[in-house]
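Using this note's numbering, you'd call the opening residue of the sequence shown number 22 and step up by one each time. Cβ atoms here follow ideal geometry from the backbone N, Cα and C, with glycine treated the same way. Model, not experiment: these values are computed from the prediction.
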Amino acid sequence: SPLIADYQILIMMQYIRSVPDRHWLFLLNSLVFILSSGQCTLGMNFIIRIFNIRSLMNEEDEDKMLVAWIVLTGLSFLCAAASTFGLVAAKRVSMDQLITYFAFVIVLVAPILLFTLMTFAYQTVFRAWLRHRWSTQSLDEVRRFFCEPKSTWDTLCRAGPLDMPESWTDRDAVLTSPTGAELTPAQRGNSFGVNEWCQWNFASLECQGIFQAALKYTTEWARFWLRASGVVSLLNMILLMINLTIVNRIVTPSIIMKYMSTKVNAMLILPGTGVLILGLDLAGRLLSTDTTEKGTDFRVLDPNIVIIGYLNFFTGLLILTTFLIGLNRERLGNKRCLHTYMLLLSVALALLVAAGSWCLVISFTIADTLEKEEWEGGSFACRANLYGCSNCEDDVSSGADQCTEWSRRNIIDYVQVYLQMGGLFSLTSVVYAGAGLVAAVRLNRNLRDYRCEYI
């Protein structure tokens with residue numbers, strides 16, 4: 022009956038409330054350890070299956086996807102380590118260990134949130150990433166696993182749209198087949214494409230079909246792992262946030278704040294440096310591999326992106342300046358220095374929110390704008406150093422097509438994901454800047470009330 026059901030729920034709620042906080046902390050940390058270990062294993066499996074690390078290390082182009090997965094797997098390992106430390110602290114009910122655990126989790130929360138959202142955002146560009154690297158040695162294991170028939174992994178399946186001995190957009194190149202036969206531009210003509218290449222090398226027209234089927238299966242498999250990793254990472258972050266609440270209740274907020282106020286300044290290094298580098302890149306001030314260019318030129322897409330870049334750059338300078346002021350704890354005992362510290366962090370906090378929000382808004386609206394406008398996609402792709410671009414040294418005014426390997430749609434997807442990650446990085450940096458401001462406000466209150474050790 023409803024009365025019995027309500028009574029059972031009431032008994033259950035009373036039992037939950039009667040369980041000591043340290044028992045809940047032990048239980049939740051056990052769950053975090055299991056999830057983190059599973060995610061770490063999942064990440065390593067993805068890296069081993071998708072990436073041939075040895076061949077990637079021999080390539081000149083750094084693979085950002087690989088770096089992102091290594092960082093995500095490393096964060097999972099750190100979560101497992103933090104949960105192990107939390108288990109020990111919960112069992113011993115050690116105040117020092119609980120406070121250390123609290124600080125450890127605070128540092129991890131923002132990166133975990135950023136890379137959790139990254140696993141969902143990267144699904145948009147993963148197919149393009151896979152397609153542009155399909156014929157490279159780094160994806161040998163992927164082709165061995167997904168190509169059907171298996172025997173075609175290094176022949177028909179490898180001959181995707183971008184697989185030519187020389188760049189297939191270079192009409193002056195002499196092509197050489199695996200058997201050593203040569204084909205000059207005069208012999209092949211201007212209509213020479215993948216099907217002709219497949220017929221010439223393998224006496225077959227099945228290259229495209231085998232390639233497309235393998236690409237489809239690989240993309241579906243990878244998206245499943247990306248979603249699984251994102252969901253596990255999200256659960257991890259929720260559990261860690263609950264753990265922070267429990268530790269705050271066990272140790273008491275006053276002790277937590279007193280400890281964090283002495284450590285929070287060091288946490289400003291990472292967001293300050295990251296936002297500074299992000300700003301330089303969005304403003305087009307980071308040098309690319311081509312020393313004649315000045316990095317990605319976002320002005321051809323939207324001038325507002327460059328403004329956001331300068332906002333981030335200025336914000337990074339403010340955060341690092343604040344960090345330098347806070348290095349000397351005795352200096353913060355001076356009211357003028359402390360107020361300067363609070364003012365700089367307040368401005369930085371407002372700029373982080375503004376730049377991050379603006380960046381996200383542009384990332385969701387730029388696709389419609391770019392699809393209606395004319396812009397030089399090839400030139401942008403070359404300056405952005407996108408993988409596999411050809412003819413980047415040619416002058417656009419001469420009529421040469423630059424980076425025809427990247428379609429406008431692929432470039433737009435790449436830009437959207439990059440802007441989303443940039444906006445999210447700015448917003449997650451608010452956690453550290455906000456923590457620093459709260460600590461400074463608390464210190465100012467203590468100084469004002471003459472209840473601080475600095476008086």
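Residue i and residue j closer than 9 angstroms at C-beta
i    : j    : result
L391 : R429 : yes
A89  : Y122 : no
N467 : M363 : no
V436 : L365 : no
E162 : I71  : yes
A456 : M281 : yes
H153 : G409 : yes
I433 : I383 : no
I231 : L160 : no
F344 : G295 : no
L485 : I329 : Examination of residue 485 is not possible in this model, given that the chain is present from 22 through 476 alone.
F67  : W246 : yes
W379 : N325 : yes
L9   : N216 : Nothing about residue 9 can be reported from this structure: the residues present for the chain run from 22 to 476 only.
S411 : E426 : yes
Selected residue, minimal CA-CA separation from residue i, among the options
i    : options                   : result
G443 : R404, A180 and V327       : V327
I298 : P41, Q118, N333 and C403  : N333
L130 : Y435, A235 and L256       : For the sequence presented, residue 130 should be read as Val rather than Leu. Answer by Cα proximity: L256.
S104 : L261, F344 and I329       : L261
Q158 : I91, G107 and R179        : R179
L108 : S51, G95 and G293         : S51
M116 : T273, E395 and I432       : T273
L138 : L160, F106, L93 and I127  : L93
F47  : R113, L96, G64 and S275   : R113
G251 : F385, T62 and F141        : F141
F319 : N406, K279 and W155       : N406
C403 : C424, W396 and E395       : C424
L151 : N431, P41 and A124        : N431
T361 : N216, A461, K393 and L381 : A461
L63  : R248, C380, E227 and N412 : R248
Y479 : G337, C358, G300 and V459 : Lying before the first or after the last residue shown, residue 479 is absent from the chain, which here runs from 22 to 476.
W155 : I91, C413, R463 and Q229  : Q229
L381 : G347, D42 and Q441        : Q441
R469 : R357, G214, S400 and E414 : R357
K279 : P41, K171, I120 and I69   : I120
K284 : Y331, L341, L348 and S254 : L348
C219 : R244, S254 and T173       : T173
R463 : S400, Y331, F166 and S275 : S275
V253 : C61, E169 and D42         : C61
I69  : F106, D42 and F166        : F166
M65  : A224, F106 and I91        : I91
CB-CB length for residue i against residue j, believed under 8 angstroms
i    : j    : result
A235 : R164 : 7 angstroms
V374 : L339 : Contact doesn't hold; Cβ gap of about 13 angstroms is too wide.
P132 : L87  : P132 to L87, Cβ: 17 angstroms. No contact.
L135 : L445 : 6 angstroms
G377 : L448 : 4 angstroms
N264 : V126 : 6 angstroms
Q17  : A110 : In the structure displayed, the chain extends from 22 to 476; residue 17 sits before or after that span and is not available.
heavy atom of the ligand FAD below 8 angstroms from residue i C-beta
i   : result
F54 : As for the ligand FAD, it is missing from this structure, which has no ligand bound.
The region 288-303 touching the region 446-462, judged by at least three CB pairs closer than 8 angstroms: Taking 8 angstroms as the limit for Cβ pairs, the verdict is that the region 446-462 does touch the region 288-303.
At least 3 beta-carbon pairs within less than 8 angstroms: the region 52-71 vs the region 93-105: Yes, the region 52-71 touches the region 93-105.
Segment contact, 8 angstroms Cβ cut-off, at least three pairs: the region 231-243 with the region 139-153: Output reads yes: the region 139-153 touches the region 231-243.
Contact the region 261-274 vs the region 292-308: 3+ CB pairs below 8 angstroms: No: fewer than three Cβ pairs fall under 8 angstroms.
Complete runs of the alpha helix (DSSP H) confined to the region 324-401 [at least 4 residues]: Counting only runs of 4 or more, we get 324-347 and 356-393.
Segments of 4+ residues assigned as alpha helix (DSSP H) that fall wholly inside the region 425-472: Here the runs fully enclosed are 429-449 and 451-469.
In chain order, each alpha helix (DSSP H) run of at least 4 residues that lies wholly inside the region 120-177: Taking only runs of at least 4 residues, the alpha helix (DSSP H) segments lying wholly in the region 120-177 are 147-154 and 161-167.
Residue ranges of each beta strand (DSSP E) within the region 219-301, 3 or longer: DSSP runs (the beta strand (DSSP E)) wholly in the region 219-301: none.
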